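Right, one structure below, let's go through it.
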């Protein structure tokens with residue numbers, strides 16, 4: 042054995058010096074695992090799109106307007122301005138010639154005319170389907186057909202309580218519109234075959250959502 046060489050037993054007992062950072066690394070890894078958001082299993086509440094209901098600590102009206110009210114809510118240390126809204130409806134109306142009726146009208150906040158689905162605001166105590174039938178007939182004159190709800194969603198949940206109900210009405214019949222005095226509406230009939238091309242040029246959220254949902258349902262049904 043060479044002078045100064047360690048014995049075999051000593052080699053077996055030798056250990057690599059512990060890296061001082063090992064414990065810290067393990068602690069950080071554990072912290073990352075704890076921070077990782079929980080993922081709901083299939084069939085769980087989050088997977089089904091459900092969420093727990095919560096309420097603010099305090100709420101008071103700070104603006105009472107003609108179209109909307111604004112509520113100031115306190116959530117712990119934070120305050121939120123919430124635009125109150127009764128909810129709204131929009132209708133994908135398909136006639137017997139396979140055309141969808143859209144309306145072109147001036148939208149003051151957008152500073153221009155937009156092409157949209159016929160839509161309107163819920164009246165107090167009125168069911169969404171009843172509102173949808175009424176608004177479609179008032180704006181376009183169309184009525185009848187087979188109806189069902191495509192979806193319901195919040196339009197701008199960051200600051201507004203508006204919940205939009207989208208309906209599909211198939212096989213509607215023409216009639217005479219009963220537009221209100223302040224409504225300047227142009228009716229536009231779009232063949233179903235042109236909707237997918239048109240939807241990329243639209244700027245109204247509910248209309249984009251409604252047409253895509255209709256096309257998806259149509260394709261699934263074959």
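Numbering (the working numbering), first residue to last: 42 to 263.
Note that CB positions come from ideal geometry on N, CA and C, so glycine has one too.
Quick caveat, the model's predicted, so the values are computed rather than measured.
>> Using DSSP's beta-bridge definition, name the partner residues of residue 208.
In response: Residue 208 is bridged to 132 and 190.
> So, residue 205 versus residue 153, is the Cβ gap smaller than 7 Å?
Replying inline: When the beta-carbon positions are compared, residue 205 and residue 153 stay at least 7 Å from each other.
> Quick one: what's got a C-beta closer than 8 Å to residue 165's C-beta in the same chain, skipping five residues either side?
Replying inline: Take residue 165, set aside five residues on each side of it, and the residues of its chain with a beta-carbon closer than 8 Å to its own are 127, in chain order.
>> Measuring only the C-alpha atoms, how far is residue 243 from residue 257?
In response: The straight-line gap from Cα to Cα measures roughly 17 Å.
> For the alpha helix (DSSP H) that residue 123 lies in, which residues bound it at each end?
Replying inline: Counting along the chain, no alpha helix (DSSP H) covers residue 123; the unbroken beta strand (DSSP E) around it starts and ends at 119 to 125.
> Of the residues 240, 187, 175 and 146, which one's Cα is nearest the Cα of residue 223?
Replying inline: Nearest C-alpha to residue 223: 146.
> Under the three-state reduction of DSSP, which class applies to residue 199: helix, strand or coil?
Replying inline: Residue 199: coil per DSSP, three-state reduction.
> When burial is assigned at 16 or more other CB atoms within 10 Å of the CB, is residue 98 buried or exposed?
Replying inline: Result: exposed.
>> At the level of alpha carbons, what is the spacing between residue 142 and residue 177?
In response: Cα to Cα, residue 142 sits roughly 10 Å from residue 177.
>> Suppose you measure from the CA of residue 111 to the CA of residue 255; what does that come to, to the nearest Å?
In response: Cα to Cα, the separation comes out at about 33 Å.
> Excluding the five sequence neighbours on either side, which residues of its own chain have a C-beta within less than 6 Å of the C-beta of residue 217, listed in chain order?
Replying inline: For residue 217, where only same-chain residues beyond five positions count, the Cβ hits under 6 Å are 182.
>> I need the straight-line Cα distance from residue 253 to residue 144, nearest angstrom please.
In response: C-alpha of residue 253 to C-alpha of residue 144: approximately 17 Å in a straight line.
> From residue 230 to residue 261, what does the alpha carbon distance come to, in whole angstroms?
Replying inline: Approximately 24 Å, taken between the alpha carbons.
> Is it buried or exposed for residue 159, if we count other Cβ within 10 angstroms and need 16 for buried?
Replying inline: So residue 159 counts as buried.
> Per DSSP, which one or two residues make a beta bridge with residue 230?
Replying inline: Note: residue 230 sits in a beta bridge opposite 142.
> The alpha helix (DSSP H) spanning residue 246 covers which residue range?
Replying inline: Residue 246 -> alpha helix (DSSP H) spans 246 to 262.
>> Between residue 28 and residue 191, how many whole angstroms is the CB-CB distance? I'm expecting something under 8 Å.
In response: Shown here, the chain extends from 42 to 263; a query on residue 28 therefore has no answer.
>> Suppose you measure from the CA of residue 189 to the CA of residue 118; what does that come to, to the nearest Å?
In response: Their Cα atoms are separated by approximately 43 Å.
> Under three-state DSSP, which class holds residue 99?
Replying inline: Under the three-state reduction of DSSP, residue 99 is assigned to strand.
>> What does the alpha-carbon distance come out to for the pair residue 185 and residue 249?
In response: Between residue 185 and residue 249, the alpha-carbon positions lie close to 24 Å from each other.
> When the Cα of residue 96 is compared with those of 107, 209 and 115, which residue comes out closest?
Replying inline: Ranked by Cα distance from residue 96, the first of 107, 209 and 115 is 115.
> How big is the Cα-Cα spacing for residue 238 and residue 211?
Replying inline: Inter-residue distance for residue 238 and residue 211 is about 21 Å (C-alpha atoms, whole angstroms).
> To which residues does DSSP link residue 264 through a beta bridge?
Replying inline: An answer regarding residue 264 cannot be provided, because it is not within the stretch 42 to 263 covered by the chain.
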